Amino acid sequence: MIPVTKPFLPPIEEYTKYLDGIWQRQWLTNMGPLASDLEMKLKNYLDVKHLLFVTNGTVALQMAIKALDLKGEIITTPFSFVATTSSIVWEGCKPVFVDIDKNTLNIDASKIEEAITDNTTAILATHVYGNPCDVHKIEEIAKRHGLKVIYDGAHAFGVKLNGKSIFEYGDISVCSLHATKLYHSGEGGLIVTKDPELLKKLALIRNFGFSGPESFAELGINGKNSEFHAAMGLTNLNFIDAIHKKRKEITEYYNSKLSGLKAVRPVWHKQGTLNYAYYPLVFDSEELMLKCIEKLKTNEIGTRRYFYPSLANTLPYLEPADFDVTDSISRKVLCLPLYFDLSLEEVDLICRLLLRVQNN
Ligand SMILES: *Cc1c(COP(=O)(O)O)cnc(C)c1O
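Mind the numbering: the sequence shown is residues 97 to 456 in my numbering, read in order.
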């Protein structure tokens, strides 16, 4: 059985060596020393000014919307994981979808302006599969209309744009450290901002709004994360180069073997680095893709239609709406298995099966 993804697990003793300290300190959560250490190490690794380690990527999105005090309409992409949209609704705002670009699969920045109304307060865009959005154009539009910008960087761990961390763009960027992500802490999320005032506010929000043992400065939530999760994050950070190297190798192997397949890869931002978070393919037709899924399934190989269907016409709490590019792409996009333990022999098998489907 080859799953579409598998969490990276470090050698167990690398993780358990953190447990003695946790037992000695009896400090299990609430911004403990391991969580602080993880924040410091991630700041260094990602080369960002400020960062908070939080519960998960979804809460990070909700905290970002809350901290920026957003109301009314938020422009966003229908081609993302459900949390991008649900966090907007959860915070009492209205998601306004803008179609994606058919090459990058990110929000089409040239269509943002026509969606702006008097009620628009922000843009929340996803760096889909880690591919940087057109951040410069988005920033320019946001400035012109006085809008805030949040990036859902759940896929974009470690990505740089023009030599700078992708998380340094926008007012706030968030990342997910969920077990299935490229780099993870079991459950976890990151919030990045360049603004020290915003950081202070987010730190208060993360801890119920407490400004002292008996005083509150903000409406807060429990957005903290535990020492056990921090330990997993610290352990996995030691393997990040190996993870990156292996994923790059697998990706390039897929690329070389699948060049004859009737499918294309998303067009990457020219100034952006790759993090090999996923291996998406946009097939020429849904029919071919469905046959490929079937073929792989009978050989016990998992795939995922990620993202399908479009968020604009599936959520029971929103009026359905169609978007030409998103609807067409989401029907034809498939992510192939990609994880640290995947062997090149397995990749070879996957590729041979795919090509066999096409050539039959
Ligand atoms: C995984 C993911 C999230 C949610 O992150 P969690 O840590 O699972 O809450 C949000 N947006 C995108 C694009 C994701 O892939």
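All C-beta atoms in this analysis are idealised placements derived from N, C-alpha and C, irrespective of residue type, glycine included.
Here the structure is a predicted model, which is why all the values come from computation and not from measurement.
- Annotated three-state conformation of Thr154 is helix, per DSSP.
- Setting aside the 5 residues that flank it on each side, Pro433 is surrounded in the same chain by Ile98, Val100, each with a C-beta closer than 6 Å to its C-beta; the list follows chain order.
- The beta-bridge partner set that DSSP reports for His146 consists of Thr289.
- Thr331 has its alpha-carbon roughly 38 Å from the corresponding atom of Ala238.
- Here Ser322 is buried: its Cβ has 16 or more other Cβ atoms, across all protein chains shown, within 10 Å.
- In the structure shown, the three-state DSSP call for Gly242 is coil.
- For Leu450, the secondary structure class from DSSP, reduced to helix, strand or coil, is helix.
- The distance from the Cβ of Arg401 to that of Leu377 is about 11 Å, inconsistent with a contact at the 8 Å cut-off.
- Secondary structure at Ala313: coil, using DSSP grouped into helix, strand and coil.
- For Glu383, the enclosing alpha helix (DSSP H) stretches over residues 382-394.
- For the pair Ser206 and Glu187, the Cα-to-Cα distance works out to about 27 Å.
- Take the alpha-carbon of Lys387 and the one of Val453: they are about 7 Å apart.
- In terms of CA proximity to Asn456, Leu357 leads the group Leu357, Leu407, Pro416.
- Per DSSP, the unbroken beta strand (DSSP E) holding Leu430 starts and ends at 429-431.
- When the five nearest sequence neighbours on each side are left out, the beta carbons in the same chain lying within less than 6 Å of the beta carbon of Met328 are those of Ser281, Gly282, in order along the chain.
- In this structure, the beta-carbon distance from Asn199 to Ala221 does not fall below 8 Å.
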